[in-house]
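Numbering (this note's numbering), first residue to last: 255 to 598. These notes concern the structure reproduced below.
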Amino acid sequence: MQYPDFTKEYKSLMAKYLTREVFEELKDLKTSNNFTLKDIINSGVQNLDSGIGAYAGDKESYTLFAPLFDKIIEDYHGFTKDDIHKSNLNSDDLNAPLNYDLDKYIVSTRIRVGRNLDNFPLGTAISKEQRDEVEKIVSNALNSMDNDLKGIYYPLDGMSKENSESLIKDHFLFKAGDRFLQTAGLNRDWPSGRGIYHNKNKTFLVWINEEDELRIISMQSGGDMQEVFTRLITAIKELEKKMTFSYCEHLGYITSCPTNLGTAMRASVHIKLPKLSQDMDRFKTITDKYYLQIRGVDGEHSKSVGGVYDISNKRRLGVTEVQCVQDMYDGVMALIEAEKLLEK
Ligand code: ADP
Ligand code: DAR
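This is the structure we're talking about:
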């Protein structure tokens, strides 16, 4: 393997921290799943506009290739190699009272976590047989869900184009893997082993074998973050009775992309900010202050439509799940106050 020619067009943290010295140290290593440095960086080498540019193949990748991953993780999360991640899935600790403004400005609320099974490689290194086994384990566990979480699993393989397009349009189903996932090896054997589970009201959903082996999602119209968070926690605890998620004391829940480590949680609202969004500097000053990320209405790499934005927590590692949702709640309240001032 040759040292990549990182021209000035490369923007990723991988290109920033894969110095020739680190490259020489890592280039001949491979994990027990035969995942190599070449596999880790391929997405970032092929996509010069990557922000991160590296994906792990398994939990072992984060220790074996620590000279690269530690730097990326510290830069993105502000989390050092000696820090310990703490989890808090107690919704009583969340201070997010529902109010008139939240329902007036917020179209919908969604909180998701990524999870991967402890005794399997990540989607980047998994074989077709293993991925199909993950689908079977998770869908069987979901089919025994009860009450508000009771639903049906729909494999992507065999799903009509109309049905999948409708679920994607309504923000319930993942889009076909983009070029970043493609070059990370996450789209292999598509659509085999992939699918979506959802309850009757589509307020509880689970994606199987997209970027992570599970994306556990709670979502609903309006701004009741407490209710969305509580439903998610109930679902996570039910699933934990039936499977073991990949976790370590230092990095929390293990995910294929380093940005999702720790809580692996993204708590988001679709929110209408037609006036504030005309002053993006002011908009971004507020989102930066509350560690928030701005996405478009169709998720990552999409555009805002009609003044509606996807606003979510940026911090996932070194903060608890309660803090992720609190970041989002506090930041959204500040955005609404700014919008109201501009309405006057
Ligand atoms: P992820 O949240 O899993 O990292 P994306 O950002 O691509 O992935 O979002 C996945 C889907 O969830 C997209 O269709 C996006 O529009 C939808 N989504 C995200 N947040 C919300 C929300 N608050 N309300 C409704 N749909 C949402
Ligand atoms: N697009 C890749 C990953 C960024 C984080 N988003 C994820 N994991 N979906 C990049 O390196 O920009």
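Glycine included, every Cβ here is placed at the ideal spot set by N, Cα and C. Keep in mind the model is a prediction, meaning the values are calculated, not measured.
Length of the line joining the Cα atoms of residue i and residue j
{"i": "Leu-595", "j": "Ile-327", "result": "37 Å"}
{"i": "Gly-560", "j": "Leu-530", "result": "13 Å"}
{"i": "Cys-578", "j": "Tyr-563", "result": "18 Å"}
{"i": "Tyr-544", "j": "Lys-340", "result": "20 Å"}
{"i": "Leu-459", "j": "Leu-348", "result": "22 Å"}
{"i": "Trp-444", "j": "Gln-384", "result": "14 Å"}
{"i": "Gly-426", "j": "Gly-476", "result": "Note that residue 426 corresponds to Phe in the displayed sequence, not to Gly. So the alpha carbons of these two residues sit roughly 16 Å apart."}
{"i": "Arg-448", "j": "Ser-345", "result": "30 Å"}
{"i": "Ile-471", "j": "Lys-598", "result": "37 Å"}
{"i": "Tyr-507", "j": "Thr-517", "result": "6 Å"}
{"i": "Leu-291", "j": "Val-392", "result": "30 Å"}
{"i": "Asn-453", "j": "Leu-493", "result": "15 Å"}
{"i": "Gly-439", "j": "Thr-261", "result": "24 Å"}
{"i": "Asp-533", "j": "Ile-540", "result": "11 Å"}
{"i": "Val-388", "j": "Glu-464", "result": "12 Å"}
{"i": "Phe-289", "j": "Gly-332", "result": "26 Å"}
{"i": "Ile-338", "j": "Pro-258", "result": "33 Å"}
{"i": "Asp-324", "j": "Tyr-330", "result": "10 Å"}
{"i": "Asp-478", "j": "Ile-490", "result": "19 Å"}
{"i": "His-555", "j": "Gly-572", "result": "25 Å"}
{"i": "Leu-515", "j": "Asp-355", "result": "32 Å"}
{"i": "Arg-399", "j": "Leu-421", "result": "As written in the sequence, residue 399 is Met, which differs from the Arg given in the question. Distance between the alpha carbons of Met-399 and Leu-421: 21 Å."}
{"i": "Gln-256", "j": "Asn-353", "result": "57 Å"}
{"i": "Ala-320", "j": "Asn-287", "result": "17 Å"}
{"i": "Asp-584", "j": "Asp-552", "result": "23 Å"}
{"i": "Asn-441", "j": "Gly-431", "result": "6 Å"}
{"i": "Thr-285", "j": "Ile-525", "result": "43 Å"}
{"i": "Lys-495", "j": "Gly-412", "result": "30 Å"}
{"i": "Asp-357", "j": "Asn-373", "result": "42 Å"}
{"i": "Phe-537", "j": "Leu-527", "result": "9 Å"}
{"i": "Phe-499", "j": "Lys-404", "result": "21 Å"}
{"i": "Lys-390", "j": "Glu-591", "result": "47 Å"}
{"i": "Gln-474", "j": "Ala-379", "result": "34 Å"}
{"i": "Asp-535", "j": "Val-523", "result": "20 Å"}
C-beta atoms of residue i and residue j nearer than 8 Å
{"i": "Cys-511", "j": "Ile-306", "result": "yes"}
{"i": "Tyr-451", "j": "Glu-593", "result": "no"}
{"i": "Ser-297", "j": "Phe-434", "result": "yes"}
{"i": "Leu-283", "j": "Leu-318", "result": "yes"}
{"i": "Asp-312", "j": "Leu-267", "result": "no"}
{"i": "Phe-428", "j": "Trp-461", "result": "yes"}
{"i": "Lys-382", "j": "Ser-315", "result": "no"}
{"i": "Leu-589", "j": "Lys-568", "result": "no"}
{"i": "Thr-574", "j": "Asn-342", "result": "yes"}
{"i": "Arg-485", "j": "Asp-402", "result": "yes"}
{"i": "Thr-509", "j": "Asp-466", "result": "yes"}
{"i": "Ile-294", "j": "Ala-310", "result": "yes"}
{"i": "Met-587", "j": "Ala-521", "result": "no"}
{"i": "Leu-396", "j": "Tyr-408", "result": "no"}
{"i": "Arg-570", "j": "Met-519", "result": "yes"}
{"i": "Gln-436", "j": "Ala-350", "result": "no"}
Per DSSP, cross-strand counterpart(s) of residue i
{"i": "Asn-567", "result": "Leu-546"}
{"i": "Trp-444", "result": "DSSP, once it has assigned bridges, lists no residue as partnering Trp-444."}
{"i": "Arg-485", "result": "Partner(s): none; Arg-485 has no beta bridge."}
{"i": "Ala-652", "result": "One cannot answer for residue 652 here, as it falls past the ends of the chain, which runs 255 to 598."}
{"i": "Asn-455", "result": "The partner list for Asn-455 (beta bridge, DSSP) is empty, contrary to what the question assumes."}
{"i": "Val-562", "result": "Lys-526 and Val-559"}
{"i": "Val-460", "result": "Tyr-451 and Ile-470"}
{"i": "Leu-371", "result": "Phe-499"}
{"i": "Ile-360", "result": "Ile-525"}
{"i": "Tyr-264", "result": "Beta-bridge pairing links Tyr-264 to no other residue."}
**Prompt:** Going along the chain, which residues put their C-beta within less than 6 Å of some heavy atom in the ligand ADP?
**Reply:** Ser-362, Thr-363, Arg-364, Arg-366, His-425, Arg-469, Met-473, Arg-520, Ser-522, Val-523, His-524, Arg-549, Val-551, Asp-552, Gly-553, Glu-554 and Asp-564
**Message:** So, does the region 294-305 touch the region 362-373, judging by three or more C-beta pairs under 8 Å?
**Reply:** no
**Prompt:** Residues near the ligand DAR, CB to any non-hydrogen atom under 5 Å, in chain order?
**Reply:** Ser-304, Gly-305, Ile-306, Gly-307, Phe-434, Cys-511 and Thr-513
**Request:** Give a yes or no on contact between the region 366-374 and the region 410-417, applying the rule of three or more CB pairs nearer than 8 Å.
**Result:** no
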